[in-house]
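Let me begin by presenting the structure, written as structure tokens, before commenting on it.
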């Protein structure tokens with residue numbers, strides 16, 4: 001892995017996980033000290049993050065972490081729903097046995113890790129398996145563009161979801177394990193209408209919690 005790639009992944013994770021707060025200035029000297037690397041790979045990483053809308057460029061002031069807002073979240077959510085439901089339909093149409101097996105494995109791995117939560121389990125391992133599950137659903141869509149958009153929009157919305165996951169403030173009566181299983185079952189049954197409806201419902205349930213959190217944070 002190149003230094004630029006290492007810088008990109010480290011910065012991206014820190015921003016998405018909230019380790020660097022929204023709106024924070026990204027000063028090259030501070031980043032160089034934090035990640036023990038020169039300015040060149042950091043500039044390359046920041047340019048990539050700018051393209052992903054995770055950072056913003058400020059005239060004469062360098063870069064800063066993009067702010068969180070309800071409007072930005074709603075925009076990213078709607079784009080994600082459009083991309084993922086279409087990609088899911090294509091995957092159901094085109095997916096083979098290997099794709100189906102990948103979904104079964106991803107669903108099982110996610111369920112196992114979810115059941116370990118509350119026992120000192122690694123929340124980031126849960127998040128990695130959650131990402132793997134949602135990517136597996138779309139893996140047979142046949143479009144590199146759609147998969148690239150999925151990755152970008154996943155990161156964009158995860159900035160809002162992860163603080164809830166790590167704080168435990170999003171606990172509710174939802175059975176998220178069952179939601180994932182139902183999406184997987186409908187997908188494997190080759191029922192695109194049901195699978196897409198369940199996927200939308202799943203995201204909208206999470207979105208409701210995020211909206212409530214943002215409204216409280218903005219004093220609404």
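Numbering (full-length UniProt numbering), first residue to last: 1 to 220.
Built from N, CA and C at the ideal position, the CB exists for glycine as well.
(request) Entirely within the segment 29-63 and at least 4 residues each: give me those alpha helix (DSSP H) ranges in chain order. (result) Counting only runs of 4 or more, we get 39-51.
(request) Would you please verify whether the beta carbon of residue 46 is less than 9 Å from any beta carbon of chain C? (result) As a matter of chain content, chain C is missing from the structure shown, which is built from one protein chain.
(request) Could you give the DSSP three-state label for residue 139: helix, strand or coil? (result) The answer is coil: DSSP assigns residue 139 none of H, G, I, E or B.
(message) Using a Cβ distance threshold of 8 Å, determine whether the segment 175-183 contacts the segment 25-40, with at least three qualifying pairs required.
(response) No contact exists between the segment 175-183 and the segment 25-40.
(message) Tell me the DSSP secondary structure of residue 153 in three-state form.
(response) Residue state, collapsed to three classes: helix.
(message) Can you give me the C-alpha to C-alpha distance between residue 50 and residue 146, rounded to a whole angstrom?
(response) Across the structure, residue 50 and residue 146 are spaced so that their CA atoms are roughly 20 Å apart.
(message) Measuring alpha carbon to alpha carbon, tell me which residue in 59, 69, 153 is nearest residue 81.
(response) Taking only the C-alpha atoms, the option nearest residue 81 is 153.
(message) Considering only the alpha carbon of each residue, which of 144, 137, 108, 157 lies closest to residue 188?
(response) It is 137 whose Cα lies nearest to the Cα of residue 188.
(request) Flag this pair as touching only if the segment 46-62 and the segment 82-93 have three or more C-beta atom pairs under 8 Å; answer yes or no. (result) Taking 8 Å as the limit for Cβ pairs, the verdict is that the segment 82-93 does not touch the segment 46-62.
(message) Along the chain, where does the alpha helix (DSSP H) containing residue 20 start, and where does it finish?
(response) It is not in any alpha helix (DSSP H) - residue 20 carries neither H nor E in the DSSP assignment.
(message) Please identify the residue among 192, 132, 26 whose C-alpha is closest to the C-alpha of residue 66.
(response) Selected option, being the one with the closest Cα: 26.
(request) Specify the secondary structure class of residue 93 as computed by DSSP and reduced to three states. (result) The answer is helix: DSSP assigns residue 93 an H, G or I state.
(request) Kindly list the residues whose CB is nearer than 6 Å to the CB of residue 204, restricted to its own chain and excluding five residues on each side of it in sequence; keep chain order. (result) Nothing listed; no residue qualifies.
(message) By the DSSP assignment, the alpha helix (DSSP H) with residue 188 in it spans what residues?
(response) That run of the alpha helix (DSSP H) goes 176-188.
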